[in-house]
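I have placed the structure first, in the form of structure tokens, so that the comments after it can refer back to it.
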Amino acid sequence: MALIFPSPVLCLVTNRKMLSVGSLPEVIGKAVSGGVNMVQIREKDLSHDALIKLVDNIVNSVQDRALVAVNTDESDHVFEGVDIIHRAESSLGLPTPGIVGIGRSVHSAQAAIQAEKCGADYLIAGSVFETESHPGEKGRGIGFIRTVVESVSTPVIAIGGINASRTRQIIEVGAVGIAVVSAILGSSDPEQAAAKLVLSMNPDKIN
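Under our numbering, residues 2 to 208 are what the sequence shown spells out, in order.
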């Protein structure tokens with residue numbers, strides 16, 4: 002079965018340390034209600050058992066309303082209810098058995114080309130703008146996303162310092178969507194924050 006992406010993609014990448022309110026599964030459930038259609042669980046400091054428990058809780062919260070990815074280097078564990086295994090740019094690990102898709106993070110056009118050759122179903126490219134998690138680190142800019150998109154046929158999702166005022170220019174250069182962290186996790190109303198991002202990518206839907 003091929004991986005089918007929503008259009009446009011609004012991916013929430015987790016970081017439980019950045020939560021403004023509630024628990025991670027609770028916030029994700031609200032964000033999905035607001036329009037998040039892909040969740041990447043990225044909690045690399047957790048033990049294997051703790052990660053499995055968190056994944057189970059998030060899958061239960063999502064309830065098949067969004068794609069669920071786990072960012073991990075593990076290659077021998079099947080995460081129940083998970084659609085995608087996501088790998089870092091430096092990881093050459095194979096997809097976990099039983100998982101539909103595989104994603105890769107990339108930081109250059111060359112890495113994007115290599116990830117495509119390795120069979121990635123999608124790429125997350127960044128950072129586009131300066132982020133709260135890496136203050137002072139200059140973003141690569143919109144031109145970077147354009148270059149990556151033009152280098153591969155694999156769908157490209159942009160990440161890094163993205164807010165509602167920046168989404169249209171990202172979509173216009175060919176990205177299939179955006180991935181965010183603090184724009185939703187740092188909000189006191191994650192459902193509304195997600196809905197605002199969805200509208201910013203679909204201005205024709207604004208009444």
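Where is the CB? At the ideal position from N, CA and C, for every residue including glycine. Quantities reported herein were computed from a predicted structural model and do not represent experimental measurements.
Checklist entry - Does the count of Cβ pairs from the stretch 74-81 and the stretch 117-136 closer than 8 Å reach three? => result Counting Cβ pairs under 8 Å, fewer than three are found: no touch.
Next on the checklist: Output needed for residue 138: all residues of its chain with C-beta closer than 8 Å, excluding positions within five of it in sequence on either side, in chain order.
Outcome noted: Position 137 of the sequence shown, counting from 1, holds the residue named residue 138. Non-local beta-carbon contacts of residue 138 in its own chain, meaning distances under 8 Å to residues more than five positions away in sequence, involve 128, 131, 132 in chain order.
Item to check | For residue 184 and residue 160, believed in contact at Cβ under 8 Å, the rounded distance | outcome: As a first step, residue 160 is located in the sequence shown; it is residue number 159 there, counting from the start. As a first step, residue 184 is located in the sequence shown; it is residue number 183 there, counting from the start. Wrong, their Cβ atoms sit about 11 Å apart, outside the cutoff.
Next on the checklist: On the CB-based measure, 16 or more other CB atoms within 10 Å of its CB, does residue 64 come out buried or exposed?
Outcome noted: As a first step, residue 64 must be located in the sequence shown, where it is residue number 63. Looking at its Cβ environment, which holds fewer than 16 other Cβ atoms inside 10 Å, residue 64 is exposed.
Checklist entry - To which residues of the same chain is residue 31 closer than 6 Å at the C-beta, ignoring the five residues directly before and after it? => result Residue numbering aside, residue 31 sits at position 30 when the sequence shown is read from its first letter. A distance below 6 Å between beta-carbons, with the five flanking residues on each side excluded, links residue 31 to the following residues of its chain, in chain order: 191, 192.
Checklist entry - Near residue 112, which residues of its chain fall below 6 Å by C-beta distance, leaving aside the five closest residues on each side in sequence? => result As a working mapping, residue 112 is identified with position 111 in the sequence shown. Same-chain partners within the cutoff: 90.
Checklist entry - Residues in its own chain within less than 8 Å of residue 2 by CB, not counting five upstream and five downstream? => result Here residue 2 refers to the residue found at position 1 of the sequence shown. Confidence is the limiting factor: at residue 2 the pLDDT is only 49, short of 50, which leaves the residue's position unreliable and the question unanswerable from this model.
Checklist entry - Run through DSSP, which three-state label would residue 124 get? => result Sequence index remark: in the sequence shown, residue 124 carries index 123 (1-based). Residue 124 falls in the strand class under three-state DSSP.
Next on the checklist: Let's test the definition: count the other Cβ atoms within 10 Å of the Cβ of residue 82 and tell me whether it reaches 16, buried, or not, exposed.
Outcome noted: Translated into positions along the sequence shown, residue 82 becomes position 81. Counting Cβ neighbours within 10 Å, residue 82 comes out exposed, since fewer than 16 surround it.
Next on the checklist: Run through the DSSP bridge pairs and tell me what residue 70 is partnered with.
Outcome noted: Position 69 of the sequence shown, counted from the start, is the residue given in the question as residue 70. Beta-bridge pairing links residue 70 to 41, 85.
Checklist entry - Who are the near neighbours of residue 211 in its chain, counting only those whose CB is closer than 8 Å to its CB and skipping five residues on each side? => result Within the shown structure, residues of the chain are numbered from 2 to 208, placing residue 211 beyond reach of any answer.
Checklist entry - For the putative contact between residue 140 and residue 21, defined by C-beta atoms under 8 Å, what is the C-beta separation to the nearest angstrom? => result Numbered from 1 along the sequence shown, position 139 holds the residue referred to as residue 140. Numbered from 1 along the sequence shown, position 20 holds the residue referred to as residue 21. About 23 Å; that fails the 8 Å criterion.
Item to check | Start-to-end residues for the alpha helix (DSSP H) that takes in residue 165 | outcome: Position 164 of the sequence shown, counted from the start, is the residue given in the question as residue 165. Segment: none, residue 165 is in no alpha helix (DSSP H) and carries neither H nor E.
Checklist entry - At which residues does the alpha helix (DSSP H) containing residue 56 begin and terminate? => result Start at 1 with the first residue of the sequence shown, and residue 56 comes out as number 55. Where residue 56 is concerned, the enclosing alpha helix (DSSP H) stretches over 49-63.
Next on the checklist: From the DSSP secondary-structure annotation, give me the bridge partner or partners of residue 106.
Outcome noted: Residue mapping note: residue 106 aligns to position 105 of the sequence shown, counting from 1. Partner(s): 125.
Next on the checklist: If distances are taken between C-alpha atoms only, which option among 104, 170, 152 comes closest to residue 12?
Outcome noted: The sequence position of residue 12 within the sequence shown is 11, counting from 1. Closest by C-alpha distance to residue 12, out of 104, 170, 152, is 104.
Item to check | Residue range of the unbroken beta strand (DSSP E) whose run includes residue 11 | outcome: In the sequence shown, residue 11 corresponds to position 10, counting from 1. Note, residue 11: beta strand (DSSP E), 10-14.
Checklist entry - What residues in its chain sit with their C-beta under 7 Å from that of residue 56, if we drop five residues either side in the sequence? => result Translated into the one-based positions of the sequence shown, residue 56 becomes position 55. So the list reads 42, 71, 80, 83, once near-sequence residues are dropped.
Checklist entry - Among residues of its own chain, excluding the 5 on either side of residue 8, which ones have a beta-carbon nearer than 7 Å to its beta-carbon? => result Against the sequence shown, residue 8 aligns to sequence position 7. Apart from sequence neighbours up to five positions away, the residues of its chain that approach residue 8 with a beta-carbon distance below 7 Å are 177, ordered along the chain.
Checklist entry - So who's on the other strand from residue 180, going by DSSP bridges? => result Position 179 of the sequence shown holds residue 180. Beta-bridge pairing by DSSP links residue 180 to 12, 160.
Checklist entry - Taking the alpha carbon of residue 34 as the point to measure from, which residue in 195, 169, 203, 201 has its own alpha carbon closest? => result Walking along the sequence shown from the start, residue 34 turns up at place 33. Taking only the C-alpha atoms, the option nearest residue 34 is 195.
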